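Residue numbers (the working numbering), protein chains in the order written: chain A, 37 to 485; chain B, 4 to 445. A quick write-up on the structure given underneath.
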Amino acid sequence: MAEQKRPKWADWADHIRSLDDPAKNFEKPEALDDLTIIDLSSRSMAGPYCSSLLAELGAETIRIEQPGGDLVRSYSPNGFMHRGTGMAYIQEGRNKYHITLNLETEEGRDILKSLVGQADILIETFPAGKMDSWGVGYDELAKINPRLIYTSITGYGQFGPESGRNQYDYDNVAQARSGVQYATGEVLPEGKTLEDMPYATSTKAGPWIAWAVSGTFAAVGILAAVYYREMTGEGQALDVSTPEAYERLNDYMLHWYADQGVVNERFGNLDTCLWLYGFYPTKDGGVFLGGLRLEMWKAFVDIVGKYDEWGAEEWTTLAPFMKKDWQLKYQAMINPETLKYTSQELTMKSIEYAKKGRLAPITPVVAEIVPPWAAMHDEVWRDRGVFTPVQDPVYGSIVCAQAQWKSTETPPRTKWACRPVGYDNGFIYLKYMGYGPVKLRELTEKGII
Amino acid sequence: MPDVFKDYVKKKFSKPGPLKGVRVLEVCTLLFGPSGPSFLAEMGAEVIKIELPPAGDVTRSLNPFGWFYKEQSPMFMHINPNKYYMALDLHIDMGQQIFKELAAKADIVEFNLRPGVTRRWNIGYEHIKEVNPGIIYIEKNGFGQWGTYAEQDRPSNDGASQALAGYAWMSSFPKRPPLKQSIWICDYYGGLMGEVAVLAALHHRRKTGKGQFIEMSQTENIMRVMNWVWPYQQMTGKGVEPAGNRDQCICPADTFLCADNLLAALAAPGPDEFLGLCQAMGKAELAVDPRFQDHTVRLQDENALAILKIIADWARTKTADEIEALGKEFSFAATRLHNAKDMNEDPQRRERGFVKEIDDPLYGRYVEHEFPVMMSKTPPKIKWTVRPVGFDNEFIMAKILGRNQTQIDELYLHGVLGKWKDMQGRRPPSDWDGQAGYIIRR
Numbered sequence: 037m038a039e040q041k042r043p044k045w046a047d048w049a050d051h052i053r054s055l056d057d058p059a060k061n062f063e064k065p066e067a068l069d070d071l072t073i074i075d076l077s078s079r080s081m082a083g084p085y086c087s088s089l090l091a092e093l094g095a096e097t098i099r100i101e102q103p104g105g106d107l108v109r110s111y112s113p114n115g116f117m118h119r120g121t122g123m124a125y126i127q128e129g130r131n132k133y134h135i136t137l138n139l140e141t142e143e144g145r146d147i148l149k150s151l152v153g154q155a156d157i158l159i160e161t162f163p164a165g166k167m168d169s170w171g172v173g174y175d176e177l178a179k180i181n182p183r184l185i186y187t188s189i190t191g192y193g194q195f196g197p198e199s200g201r202n203q204y205d206y207d208n209v210a211q212a213r214s215g216v217q218y219a220t221g222e223v224l225p226e227g228k229t230l231e232d233m234p235y236a237t238s239t240k241a242g243p244w245i246a247w248a249v250s251g252t253f254a255a256v257g258i259l260a261a262v263y264y265r266e267m268t269g270e271g272q273a274l275d276v277s278t279p280e281a282y283e284r285l286n287d288y289m290l291h292w293y294a295d296q297g298v299v300n301e302r303f304g305n306l307d308t309c310l311w312l313y314g315f316y317p318t319k320d321g322g323v324f325l326g327g328l329r330l331e332m333w334k335a336f337v338d339i340v341g342k343y344d345e346w347g348a349e350e351w352t353t354l355a356p357f358m359k360k361d362w363q364l365k366y367q368a369m370i371n372p373e374t375l376k377y378t379s380q381e382l383t384m385k386s387i388e389y390a391k392k393g394r395l396a397p398i399t400p401v402v403a404e405i406v407p408p409w410a411a412m413h414d415e416v417w418r419d420r421g422v423f424t425p426v427q428d429p430v431y432g433s434i435v436c437a438q439a440q441w442k443s444t445e446t447p448p449r450t451k452w453a454c455r456p457v458g459y460d461n462g463f464i465y466l467k468y469m470g471y472g473p474v475k476l477r478e479l480t481e482k483g484i485i
Numbered sequence: 004m005p006d007v008f009k010d011y012v013k014k015k016f017s018k019p020g021p022l023k024g025v026r027v028l029e030v031c032t033l034l035f036g037p038s039g040p041s042f043l044a045e046m047g048a049e050v051i052k053i054e055l056p057p058a059g060d061v062t063r064s065l066n067p068f069g070w071f072y073k074e075q076s077p078m079f080m081h082i083n084p085n086k087y088y089m090a091l092d093l094h095i096d097m098g099q100q101i102f103k104e105l106a107a108k109a110d111i112v113e114f115n116l117r118p119g120v121t122r123r124w125n126i127g128y129e130h131i132k133e134v135n136p137g138i139i140y141i142e143k144n145g146f147g148q149w150g151t152y153a154e155q156d157r158p159s160n161d162g163a164s165q166a167l168a169g170y171a172w173m174s175s176f177p178k179r180p181p182l183k184q185s186i187w188i189c190d191y192y193g194g195l196m197g198e199v200a201v202l203a204a205l206h207h208r209r210k211t212g213k214g215q216f217i218e219m220s221q222t223e224n225i226m227r228v229m230n231w232v233w234p235y236q237q238m239t240g241k242g243v244e245p246a247g248n249r250d251q252c253i254c255p256a257d258t259f260l261c262a263d264n265l266l267a268a269l270a271a272p273g274p275d276e277f278l279g280l281c282q283a284m285g286k287a288e289l290a291v292d293p294r295f296q297d298h299t300v301r302l303q304d305e306n307a308l309a310i311l312k313i314i315a316d317w318a319r320t321k322t323a324d325e326i327e328a329l330g331k332e333f334s335f336a337a338t339r340l341h342n343a344k345d346m347n348e349d350p351q352r353r354e355r356g357f358v359k360e361i362d363d364p365l366y367g368r369y370v371e372h373e374f375p376v377m378m379s380k381t382p383p384k385i386k387w388t389v390r391p392v393g394f395d396n397e398f399i400m401a402k403i404l405g406r407n408q409t410q411i412d413e414l415y416l417h418g419v420l421g422k423w424k425d426m427q428g429r430r431p432p433s434d435w436d437g438q439a440g441y442i443i444r445r
């Protein structure tokens, strides 16, 4: 990357970096190192993601799988496996201890109860009622440990008319039920059918965002419940439904329909509420353009040399630009202009404009739309510790997304990437149950671990 | 159903929120900044939203295709419930002093400004730490506080993060241009993750008395979500490409066009689920087909595309509701695609109190989403919506800083405190009676 002149506030940047650079994470304490978590997640990645977030903060996290391992270990593009583990779980097994336990047996359930007696938090993702049918639902476990924070993440919640469904929680189904997928996607032009353009339909996000959102809401709920417990000594049950969690991030759609009867429909790469805000084509790909203040939109028009021709000087409000017909009209006018440049050229023009443009320091947001491959190789993210590989004793050097936030005192950190099924049976059963090799052999023979 | 959730919705207001007693100051605009403190407010924290008078938060102007609710931005309403509204000019010395006095009595302060701005306003972490060593101080923005992009002073927002993280790239159909989400996912999700950081810091402070400084880049944060993408690229040397509605890591998991031209999504990777689906299709033999029997083998592209084609042909002969019903009967995950109408009319959402009516003194009755974590002992709850700029100045100044009316008037005179501009979204709704909603009435 080219040398750049540093800003006036560079001393601030250096000062903060000296305090929160992820390279120094292991010199710092951990916020949650007094908490023990039992993660019983099954088939859903929302649970493991939730426990990852807490394990990154130091919680001792015991991941319990049925003997043979959980189905999530098989989740991987094209079935690609690394030492028997799929690409998804090799990220979200991080920092956890992995043990096996057969909950179909009474002895297995007794062992779970003993572990629960020593735990702070339990996370499970079975269809509602499954844990109760095993006799290890919240009502039972709270008798053993009233301080327990028992967290269920499911498709349909623990109560409500649909909660009796015997169905597991999957990301793509949750995205479909949230209302978000409905309103996202390319617009089918008039006169065309889905047979002509099968891609011009409601489209889900590529990443497991519904699972991530429900897992993160669960983590926020858990931490709030911990706060309450520290004050009162009381644990409680938490109920998160993945489609609801994701739908909570869906903004005005609910209210718009209730008040106006409008069903929010797809608007392609424009935005129903915002201008300037969308994806535009360039010579070598595309960019996001954003400017939610009138001056930023004017600055963009200036950058592409249309300030006078389009009459930008006369504009006094952004309001009319947000209307649908104006959005489509100006989109058509902008497209040929952005196509004259590469994404990089437009990005640099925006940065330069902030220094020398007629409306400087105001400038529009210009961001290249990059493939994940380019994101992973971007030196800026690497410098900020986002893709620092984890040196895992079993799986080798693994690139793990991490350092999603940085802090001066208790930053998140990744210690190991994953563990094979039952890898920590020896350590965890000894530490929590006093089981040595003789007992473990016996339990293995009985099919309990 | 666990007994503890019996009558959950009915009994909500007999229990406290989990964050009772936590005080938060927010100096945030748009969505990334304010969303996080809102989640805390929904869980019972006292959140004071500080805006610059007289125009306040830009979000007050935003709207879908020109629709406002009683002159207010529906987005602003959705993102900012349960807060107290204060307008304080942080550009001037006396405003900064008042902020510091408030921060001395707060647990958490949140900002979303460009790097270095809080320091210029004399309310940077170092300044606040002096008056409150236990403060938890978070700054959220596009590129963090240091590094090349931050130092270029690049502006950013949700769409830029979707673009720069590779998120948009992998969210379209194959060979189609990248696709932007219809929601501001990097804003909201960044706001949410920020509270993981803040609440963990609160726990640490309880143990040690120590506060901390936290910074978050929304682009870095959304990359955390894309978990399998990174080791897959590392180990195969191949970039991840989009796959439309098909889940690349789970098979079958896709959205299908149905006989009634509606869409249904289903997923059935587990052996029991896959068998259930095959039985529902009347093709139980597929469950033992060597191409499909084992999930890892079924995921191989050739096999995955083959089974998805079989399901797609079958789905075209059933309505979306029929597929959802078959999912229930045969225990595989399936749903008709929901839209805004379903969100409003679905009994499940209503009976769980997830979709509910707010009864607000300024804005009347309207529907809103509840906080999506149901907590048996400490139910989170939305109680009221947004307020005009500076609406609660008197209350905050009296309650927290003990200022009397003469002193408050003095601050107005010097432009330290401010009230709303006579402008859409800033002033009260036109049917306001001049009193409703005020906590301290003059």
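For every residue, glycine included, the Cβ atom is placed at its ideal position computed from N, Cα and C. Being a predicted model, the structure only gives us computed values, none of them experimental.
- Distance from the CA of residue 70/B to the CA of residue 383/A, rounded to the nearest whole angstrom, comes to 33 angstroms.
- Under the 10 Å beta carbon count, residue 375/A is surrounded by fewer than 16 other beta carbons and is classified as exposed.
- The Cβ of residue 431/B sits no closer than 9 angstroms to any Cβ of chain A.
- Here the stretch 246 to 259 of chain A makes contact with the stretch 199 to 208 of chain B; the two share three or more CB pairs at distances below 8 angstroms.
- By the CB criterion at 9 angstroms, residue 426/A and residue 452/A fall inside the cutoff.
- Of all residues in the stretch 117 to 142 of chain A, the ones placed with a Cβ closer than 9 angstroms to any Cβ belonging to chain B are 117, 118, 122, 123, 124, 125, 126, 127 and 128, in chain order.
- Look at residue 233/B: its C-beta is under 9 angstroms from a C-beta on chain A.
- Remark: C-beta atoms of residue 226/B and residue 59/A do not approach each other more closely than 9 angstroms.
- Residue 245/A carries a helical assignment under DSSP once its states are collapsed to helix, strand and coil.
- In the DSSP assignment, residue 470/A falls outside any beta strand (DSSP E), carrying neither H nor E.
- When DSSP states are grouped into helix, strand and coil, residue 144/B belongs to the strand group.
- Listed in chain order, the positions of the stretch 354 to 366 of chain B with a beta carbon within less than 8 angstroms of a beta carbon of chain A are 354, 355, 357 and 358.
- In this structure, residue 240/A sits away from residue 286/A, with a CB-CB distance that is not shorter than 9 angstroms.
- The C-beta of residue 481/A has fewer than 16 other C-beta atoms within 10 Å across all chains shown, which makes the residue exposed.
- Counting the other CB atoms within 10 Å of its CB gives residue 150/A a total below 16, which places it among the exposed residues.
- Spatial neighbours of residue 137/B in its own chain (CB-CB distance under 8 angstroms, excluding positions within 5 residues in sequence) are listed in chain order as 110, 208, 212, 213 and 214.
- Remark: C-beta atoms of residue 426/B and residue 58/B approach each other more closely than 9 angstroms.
- No residue range can be given for residue 185/B, since it is assigned to no beta strand (DSSP E) and is classified by DSSP as neither H nor E.
- Identification of chain A residues near residue 181/B by a Cβ-Cβ cut-off of 7 angstroms yields 315, 322 and 405, ordered along the chain.
- The continuous beta strand (DSSP E) containing residue 267/B extends over residues 266 to 270.
- For residue 84/A and residue 128/A, the gap between their C-alpha atoms comes out near 6 angstroms.
- Contact with chain B is found for residue 50/A, since one of that chain's Cβ atoms lies less than 9 angstroms from the residue's Cβ.
- Per DSSP, residue 419/B is not a residue of any beta strand (DSSP E), being assigned neither H nor E.
- Among the CB atoms of chain B, none fall inside 9 angstroms of the CB of residue 75/A.
- The DSSP assignment places complete alpha helix (DSSP H) segments of no fewer than 4 residues inside the stretch 175 to 238 of chain B at 188 to 211 and 221 to 228, in order along the chain.
- Under the 10 Å beta carbon count, residue 134/B is surrounded by fewer than 16 other beta carbons and is classified as exposed.
- Bridge partners of residue 317/A according to DSSP: 322/A.
- Using a Cβ distance threshold of 9 angstroms, residue 113/B and residue 36/B count as a contacting pair.
- Taking 9 angstroms as the cut-off, the Cβ atoms of residue 249/B and residue 222/A do not count as close.
- By the CB criterion at 9 angstroms, residue 320/A and residue 379/A fall inside the cutoff.
- At a cut-off of 9 angstroms between beta-carbon atoms, residue 217/B makes contact with chain A.
- Taking 8 angstroms as the upper bound for CB-CB distance, residue 300/A and residue 292/A are in contact here, some 6 angstroms apart.
- Chain-ordered, the chain B residues with CB closer than 8 angstroms to the CB of residue 399/A read 158.
- One Cα belongs to residue 234/B, the other to residue 435/A, and the distance between them is close to 5 angstroms.
- If you look at residue 88/B, you'll find it in the beta strand (DSSP E) that goes 86 to 90.
- In the assembly as shown, residue 316/B is an exposed residue. Its beta-carbon has fewer than 16 other beta-carbons within 10 Å.
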